[in-house]
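Visitor: Numbering (the numbering used here), first residue to last: 24 to 495. Even glycine gets a Cβ: it sits at the ideal position worked out from N, Cα and C. Just so it is clear, the structure is predicted and the values come from calculations on it, not from any experiment.
(1) Below 8 angstroms, can you find three or more Cβ-Cβ pairs linking the segment 349 to 368 to the segment 387 to 402?
(2) Of all the options 396, 143 and 344, which has the alpha carbon lying nearest to the alpha carbon of residue 374?
(3) Consult DSSP for residue 398 and reduce its assignment to one of helix, strand or coil.
(4) Under 8 angstroms between the Cβ atoms of residue 331 and residue 350?
(5) Based on DSSP bridge pairs, tell me the residues matched to residue 292.
(6) Span of the alpha helix (DSSP H) holding residue 434?
(7) Among 427, 173 and 293, which has the Cα closest to the Cα of residue 214?
(8) For residue 461, which three-state DSSP category applies?
(9) Going by other Cβ atoms of all chains shown within 10 Å of its Cβ, with 16 needed for buried, is residue 55 buried or exposed?
(10) Give me the Cα-Cα distance between residue 23 and residue 255, rounded to the nearest whole angstrom.
(11) State the DSSP-derived secondary structure class of residue 418, mapped to helix, strand or coil.
(12) Between the Cα of residue 273 and the Cα atoms of 85, 267, 201 and 123, which residue gives the shortest distance?
(13) Using DSSP's beta-bridge definition, name the partner residues of residue 248.
(14) Measuring alpha carbon to alpha carbon, tell me which residue in 452, 120, 403 and 395 is nearest residue 342.
(15) As a quick exercise: from 163, 291 and 399, pick the residue whose alpha carbon is nearest that of residue 59.
(16) Can the beta-carbon of residue 299 be found less than 8 angstroms from the beta-carbon of residue 271?
(17) Residue 228 and residue 184: beta carbons closer than 8 angstroms?
(18) Buried or exposed for residue 239, please, with buried defined as at least 16 other CB atoms from any protein chain shown within 10 angstroms of its CB.
(19) Scan the segment 345 to 379 and note each continuous beta strand (DSSP E) run of 3 residues or more that stays entirely inside, going in chain order.
(20) In angstroms with no decimal places, state the Cα-to-Cα distance between residue 137 and residue 191.
(21) For the alpha helix (DSSP H) containing residue 305, name the first residue and the last one.
(22) Does the beta-carbon distance from residue 249 to residue 209 come in below 8 angstroms?
(23) Does the beta-carbon of residue 178 have 16 or more other beta-carbons within 10 angstroms, so that it is buried, or is it exposed?
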């Protein structure tokens with residue numbers, strides 16, 4: 024445990040106040056869930072680099088920062104301020120400000136087909152029985168202190184239920200805005216997504232800072248934020264679900280997110296993670312293929328610059344026979360950024376005929392950028408097909424030379440090669456609206472991280488580079 028007892032005491036004071044006023048505080052099952060989770064967090068504290076799962080990520084600065092839990096204290100925002108974050112063609116968009124559902128800024132589905140979409144706190148208040156069967160049933164608070172902390176403060180977030188057999192073509196979007204301007208603040212979004220038997224849907228979670236970002240060349244000041252978010256995604260038999268996590272917060276933001284996926288028989292789930300922002304980011308994806316014949320794709324891209332730290336922890340558990348999983352993660356790191364890929368596949372004894380593959384590819388653009396990659400297999404069945412591998416390299420000089428020989432300047436050539444590398448991630452995304460939204464974000468991010476050795480970095484002396492649509 025990190026030696027910061029004063030901050031644990033601060034969390035204890037916040038929790039004591041929170042549990043007396045939180046939505047559902049009068050529900051015995053929810054009160055017990057929160058109390059047990061906080062007791063677990065208080066018992067173990069924040070993880071350290073001595074914990075194998077956190078070996079490459081030091082959270083001491085996060086643990087020692089005196090964050091304040093914001094409840095209904097955010098400033099009033101307008102729809103105009105969030106227009107640029109809308110996903111074109113979305114079925115709906117739930118907007119959360121500092122972890123709280125802002126109903127007035129949200130748009131709900133106009134053709135719901137029986138779909139339930141709301142804030143979790145509102146759902147707890149109106150239909151607690153619909154939440155009780157699932158909330159806290161899948162996250163492992165014994166294994167992860169941040170999951171325990173999130174569960175202790177679980178109150179608001181998104182609640183989505185797609186009824187049996189319903190197909191939702193357009194993405195269901197969730198936008199999480201951090202607005203802290205002068206005080207370090209913490210929020211604990213908690214999402215519950217239930218896709219019933221035979222349903223199909225696409226879920227997009229996007230995290231954005233309204234302060235601490237550069238807008239039109241002007242940097243807006245802001246304070247440190249800590250977003251500890253968790254999503255429980257339940258895929259029923261034959262359900263087909265795509266889930267997107269997009270991290271675009273400022274470099275003053277800590278973001279620890281966990282996606283826990285529970286798959287029934289023949290369920291097909293795709294998880295796409297795109298980490299482009301944040302100062303210290305930990306992205307946990309834990310898929311459990313509990314039903315026979317289930318399939319899972321875990322796809323991701325992380326692009327860091329400056330002193331960003333982007334950590335990806337993937338855990339796939341095969342518990343039933345004839346299931347398959349694919350993991351593909353690409354990393355691009357420039358400046359002094361640090362990337363981590365820690366992928367683990369566990370094949371349980373009953374999961375015969377498992378087919379699993381894990382691939383991590385990384386590009387380092389500077390001498391100071393760093394990547395730690397650790398693919399792992401744990402196999403307890405004897406009739407399986409499992410592979411894993413990781414690569415670390417730089418931009419291929421032959422390809423760079425070829426593009427330059429066609430009259431393309433070096434900066435544009437490097438950007439073109441980076442976009443091609445990132446496109447491997449985009450090609451695995453099935454929903455056109457979500458893919459277009461992600462592609463635009465990646466395009467903008469890669470034009471920020473590109474690094475040309477020997478090129479001037481002084482403002483006004485950089486060689487103007489061509490945009491993607493100008494070079495190919």
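Guide: On the basis of the coordinates in this document:
(1) yes
(2) 344
(3) strand
(4) no
(5) 264 and 319
(6) 433 to 449
(7) 173
(8) helix
(9) exposed
(10) Missing from the structure shown is residue 23; the chain here goes from 24 to 495 and no further.
(11) coil
(12) 201
(13) 208 and 276
(14) 403
(15) 163
(16) yes
(17) no
(18) Summary for residue 239: the model assigns pLDDT 47, below 50, so the residue's position carries little reliability; its value from the coordinates is reported in the next sentence. Classification for residue 239: exposed.
(19) 347 to 356 and 361 to 370
(20) 11 angstroms
(21) From DSSP, residue 305 is part of no alpha helix (DSSP H) but of the beta strand (DSSP E) over 303 to 312.
(22) yes
(23) buried
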